[in-house]
Amino acid sequence: MKRFSIFKVIQLSVLVIMSLISIFLLLKPGVKQYVFSSVEATTLFIMIWLVLIISFIFILVDLRLISSMKSNYHSLYGVAYSDPLSGIPNRFSCDILIEKYVDSKLPSDIGCIMIDITNLPDINNSYSHAIGNRTIKEFSDILFSCSLSLCFVGRNGGNKFLAIFEDCTQDKLNSFLKKVKDRVAFRNKRADAIPIEYRAGCALNSQEHLTNITELIALANKRIYETSETGR
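Numbering-wise, numbering that gives the first Met the number 0 puts 216 at position 217 of the sequence shown, and it's gapless, one number per residue.
Put into structure tokens, the structure is as follows:
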């Protein structure tokens with residue numbers, strides 16, 4: 000679609016250049032006199048300009064359709080790969096990234112963090128599911144802002160989130176966790192805020208030496224309730 004758009008833009012540019020050249024030539028007395036010297040020449044001139052104008056209109060229509068198709072494509076992409084509640088990548092997106100490593104040896108510089116909003120059931124029961132959904136959205140926004148230039152973050156279903164780090168070090172994991180902790184603490188200080196409580200489990204393959212990414216994720220998930228890494 001991108002190549003087709005470029006082709007249409009080139010087509011439009013050539014058409015504009017041809018039109019400008021035609022106008023320039025028509026301004027010359029000799030050419031103008033020849034064009035209007037006979038009915039046949041005038042008719043041919045008018046037909047050429049009609050073709051140019053119609054071509055110009057069709058190219059503009061094509062560009063408009065391409066723009067509409069791109070918009071529809073991005074909308075469908077969002078539906079397929081983004082979680083409608085949180086706005087971040089959904090479970091399907093997580094699975095696609097995981098599949099990247101399924102059939103190959105897991106690199107040592109891969110790390111992951113599983114995160115669980117531990118008090119989400121209490122929020123749903125004490126307030127409402129609408130408030131719980133809002134909590135998920137706010138926490139997702141925090142995770143996404145902390146993940147920029149660091150890692151992939153997606154909602155792995157329910158109240159759990161998955162962060163996957165490529166070219167990972169312990170410092171990167173710690174940096175991400177600190178950012179999340181600080182921003183959750185700042186958010187929880189709001190007068191109207193219902194506190195978010197969460198736990199996180201980490202696994203860095205340079206320390207674990209696993210061969211399968213699902214094992215690494217399972218280990219991080221297991222450590223959610225074994226680690227002291229909590230936030231509120």
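Note that the Cβ used here is the ideal one computed from N, Cα and C, for glycine as well.
Query raised in the report: With 16 other CB atoms within 10 Å as the buried threshold, where does Ser92 fall?
Result: Buried.
Query raised in the report: If you run the structure through DSSP and keep just helix, strand and coil, what is Pro120?
Result: Here Pro120 sits in helix by DSSP.
Report task. Answer with buried or exposed for Phe50, where buried requires no fewer than 16 other C-beta atoms within 10 angstroms of its C-beta. Result -> Note that residue 50 is Val in the sequence shown here, rather than Phe. Label assigned to Val50: exposed.
Report task. Starting from the C-beta of Thr210, find all residues in its chain whose C-beta is less than 8 Å away, skip the five residues before and the five after it, and write them out in chain order. Result -> Within the same chain, Thr210 has close Cβ partners Lys104 and Leu105.
Query raised in the report: If you follow the beta strand (DSSP E) that Leu161 is part of, which residue opens it and which one closes it?
Result: Looking at the DSSP string, the run of the beta strand (DSSP E) that includes Leu161 is Lys159 to Phe164.
**Report entry** Whole-angstrom C-beta distance between Cys167 and Leu142, which should lie under 8 Å
**Finding:** About 16 Å; that fails the 8 Å criterion.
Query - When Ile114, Phe23 and Glu214 are compared against Ala162, the one with the closest alpha-carbon - result: The shortest CA-to-CA distance from Ala162 to any of Ile114, Phe23 and Glu214 is the one to Ile114.
Query raised in the report: Straight-line CA distance for Gly131 to Asn124?
Result: Between the C-alpha atoms of Gly131 and Asn124 there is a straight-line separation of about 9 Å.
**Report entry** Closest residue to Ser158 among His128, Phe35, Lys180 and Leu172 (Cα-Cα distance)
**Finding:** It is Asn, not Ser, that sits at residue 158 in the sequence shown. Ranking His128, Phe35, Lys180 and Leu172 by Cα distance to Asn158 puts His128 first.
Query - Whole-angstrom distance between Ser174 and Leu149, CA atom to CA atom - result: For Leu149 and Ser174, the distance between alpha carbons rounds to 9 Å.
Query raised in the report: With respect to the beta strand (DSSP E) encompassing Asn187, which residues constitute its N-terminal and C-terminal limits?
Result: Premise fails: Asn187 lies in the alpha helix (DSSP H), Gln169 to Asn187, not in any beta strand (DSSP E).
Query raised in the report: Exposed or buried, what is Leu172 when buried is set at 16 or more other beta-carbons lying within 10 Å of its beta-carbon?
Result: Of the residues assessed, Leu172 falls on the buried side of the cut-off, its CB having 16 or more other CB atoms within 10 angstroms.
Query raised in the report: If you compare alpha carbons, which of Asn155, Ser146, Asp181 and Arg154 is closest to Glu165?
Result: It is Ser146 whose Cα lies nearest to the Cα of Glu165.
Query raised in the report: With C-beta atoms as the reference, is Asn237 less than 8 Å away from Glu196?
Result: Residue 237 lies beyond the stretch modelled for the chain, which goes from 0 to 231, so this question has no answer here.
**Report entry** Rounded C-alpha distance that separates Ile16 from Leu43
**Finding:** Cα to Cα, Ile16 sits roughly 20 Å from Leu43.
Report task. Take Val152 as the anchor and find which of Cys111, Ile20, Ala217 and Lys188 has the nearest alpha-carbon. Result -> The shortest Cα separation from Val152 among Cys111, Ile20, Ala217 and Lys188 belongs to Cys111.
Report task. Could you please give me the residues that DSSP links to Val152 through a beta bridge? Result -> Looking at the DSSP assignment, Val152 forms a beta bridge with Ala162.
Query raised in the report: Just to confirm, are Ser144 and Arg154 a CB contact at a threshold of 8 Å?
Result: Not in contact: Ser144 and Arg154 (Cβ atoms no closer than 8 Å).
Query raised in the report: Near Ser85, what residues of its chain come up, given a Cβ to Cβ distance below 6 Å and the 5 sequence neighbours on each side ignored?
Result: Correct list, in chain order: Ile135, Lys136, Ser139 and Arg154.
Requested in this report: Return the CA-CA distance between Asp191 and Arg222, expressed in angstroms with no decimal places.
Outcome: Taken atom to atom, the span from the alpha-carbon of Asp191 to that of Arg222 is near 32 Å.
Query raised in the report: Under three-state DSSP, which class holds Pro88?
Result: If DSSP states are grouped into helix, strand and coil, Pro88 belongs with the strands.
Query raised in the report: Measuring CB to CB, does Ile52 end up less than 8 Å from Lys7?
Result: For Ile52 and Lys7, no; Cβs fall outside 8 Å.
**Report entry** Pair within 8 Å by beta-carbon distance, Asn220 and Gly200
**Finding:** For the 8 Å CB-CB criterion, Asn220 and Gly200 form a contact.
Report task. Pick out the complete beta strand (DSSP E) segments inside the stretch 15 to 52, 3 residues or longer, and give them in chain order. Result -> Correct list: empty.
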